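These notes concern the structure reproduced below.
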Amino acid sequence: MTIRKILTEPDPFLRQKSYDVQKVDDDVRELMNDMLETMYVAPGIGLAAIQIGVPKRVIVIDLSKDEKKTPLYFINPKVIVKSKDNSTYEEGCLSVPGQFAEVDRPNECHISYLDYDGQKKELKAEGLLATCIQHEMDHLEGILFIDYLSKLKKNYIVKKLSKQKKSLERIVV
Ligand code: ZN
């Protein structure tokens, strides 16, 4: 397993749409293992492949709070139905470091996907898991949670992150 670099806003790559995985093989499993390792180290509770620069429709999530890991793998996830009622969480994102904002999303979502072994599965998620799945599925479309905020707030965050990036680069040079 390799820890990969996580791309951060405003990296244009994060705005790309990801492609369906054609075959769940060892390469895809290696990608998922790397993603999981990268997410644990970060640390975060969800990661989409595009965040490490791979435009494939692959997501890993682990909501466990204790030592015992319970990773979830979603390949080519598709929404079957979402609830009309929303829930609100204060969201952050490994690609938008240090920034948090309240986002409303459907409280439940029913999805189909392929699992780690390429088996077709369905899941009815609610609450935190539903929010996390929807946040990660947005990444597959090139959408970040800051896109749901007011233009003013979004611009402020992007400007702040751009400045951070620049000063980081200066130190490296
Ligand atoms: Zn994210």
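For the sequence shown, the positions run 40 to 212 when the working numbering is used. Don't be surprised by glycine CBs; every beta carbon is placed ideally from N, CA and C. Since the structure is predicted, the reported quantities are computational estimates derived from the model, not experimental observations.
Is any heavy atom in ligand 1 found nearer than 6 Å to the beta carbon of residue i?
{"i": "C171", "result": "no"}
{"i": "C132", "result": "yes"}
Per DSSP, what are the beta-bridge partners of residue i in this structure?
{"i": "C148", "result": "K121, A164"}
{"i": "V142", "result": "Y128"}
{"i": "V135", "result": "C132"}
{"i": "K213", "result": "The question about residue 213 has no answer, for the chain in this structure spans 40 to 212."}
Would you decide whether residue i is buried or exposed? Buried here means 16 or more other CB atoms lie within 10 Å of its CB.
{"i": "T127", "result": "exposed"}
{"i": "E180", "result": "exposed"}
{"i": "V224", "result": "The structure shown has nothing for residue 224, since the chain only spans 40 to 212."}
{"i": "L102", "result": "exposed"}
{"i": "Q90", "result": "buried"}
{"i": "N115", "result": "buried"}
{"i": "K95", "result": "buried"}
{"i": "E99", "result": "Rather than Glu, the amino acid found at residue 99 in this sequence is Val. The residue in question, V99, is buried, as its Cβ has 16 or more Cβ neighbours within 10 Å."}
{"i": "M78", "result": "buried"}
{"i": "L191", "result": "exposed"}
{"i": "D170", "result": "Contrary to the premise, residue 170 reads as Thr rather than Asp in this sequence. Buried."}
{"i": "M74", "result": "buried"}
{"i": "S134", "result": "buried"}
{"i": "V223", "result": "Here the chain comprises residues numbered 40 to 212, so residue 223 is not present and cannot be evaluated."}
{"i": "S57", "result": "buried"}
**Request:** Within the region 68-119, note down every full beta strand (DSSP E) run reaching 3 residues or more, in order along the chain.
**Result:** Secondary structure in the region 68-119: the beta strand (DSSP E) runs of 3 residues or longer, each lying completely within the stretch, are 85-87, 97-100 in chain order.
**Item:** Touching by the beta-carbon criterion (3+ pairs, under 8 Å), the region 186-200 and the region 150-168
**Value:** Output reads no: the region 150-168 does not touch the region 186-200.
**Request:** May I ask you to verify whether the region 137-145 touches the region 49-63, counting CB pairs closer than 8 Å and requiring at least 3?
**Result:** Counting Cβ pairs under 8 Å, fewer than three are found: no touch.
**Prompt:** Which runs of the alpha helix (DSSP H), 4 residues or longer, sit entirely within the region 165-206?
**Reply:** Within the region 165-206, the complete alpha helix (DSSP H) runs of at least 4 residues are 166-179.
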